[in-house]
Amino acid sequence: IGGVFFKADDPENLYNWYEKHLGIRREDGYVGFRWRDADDPQEEGLTAWSIFRKQSDYFSPSVSPMMINYRVEDLDGRLEALKADGVTIDPTREDYDYGRFAWIMDPEGNKIELWEPPRGRKE
-8 IGGVFFKADD PENLYNWYEK HLGIRREDGY VGFRWRDADD PQEEGLTAWS IFRKQSDYFS
52 PSVSPMMINY RVEDLDGRLE ALKADGVTID PTREDYDYGR FAWIMDPEGN KIELWEPPRG
112 RKE
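Everything in the sequence shown is counted per this note's numbering, starting at -8 for the first residue and increasing by one.
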């Protein structure tokens, strides 16, 4: 899992609550849980955990208050296979130095974020 995202009425207050009660500390606007790859302990990965304003449209068109980000290899190939299976695919793509992103919808209308980290970097 690349990330877990959910909405809140007061994200700042909720971040503070999680930090105080569970020690989950935010840096650069989100929480990053770092881990090591089981097959290659030299490779470090990251799972993002972030709280969005309830009014955020980042999850649209889903009405779900949460979204999960899944790490994938070969984003383009995965999207082609999903398209062939009739999965609803958002045409938006975003590319950053930390990876490529695309979005799909599951049969219940939940938006899912797909993330392909840069090759040779398993963040």
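Every residue, glycine too, gets a C-beta built ideally from N, C-alpha and C.
Under 6 Å Cβ to Cβ from arginine 84, same chain only, skipping five residues before and after it: list those, please.
Hits under 6 Å: Ala93.
Closest residue to glutamate 3 among Asp81, Arg69, Arg17, Asp65 (Cα-Cα distance)
Arg17
Am I right that leucine 95 and leucine 73 are in contact with their C-beta atoms under 8 Å? What's the rounded C-beta distance?
Going by the sequence as given, residue 95 is isoleucine instead of leucine. Confirmed, about 6 Å.
Verify whether the separation of the beta carbon atoms of glutamate 35 and arginine 25 is less than 8 Å.
Cβ atoms of glutamate 35 and arginine 25: closer than 8 Å.
Can you tell which of Glu64, Val63, Leu105, Glu99 has the C-alpha that lies nearest to the C-alpha of histidine 81?
Sequence inspection shows aspartate at residue 81; the histidine mentioned does not correspond to that position. Comparing Cα-Cα distances from aspartate 81 to each of Glu64, Val63, Leu105, Glu99, the minimum goes to Leu105.
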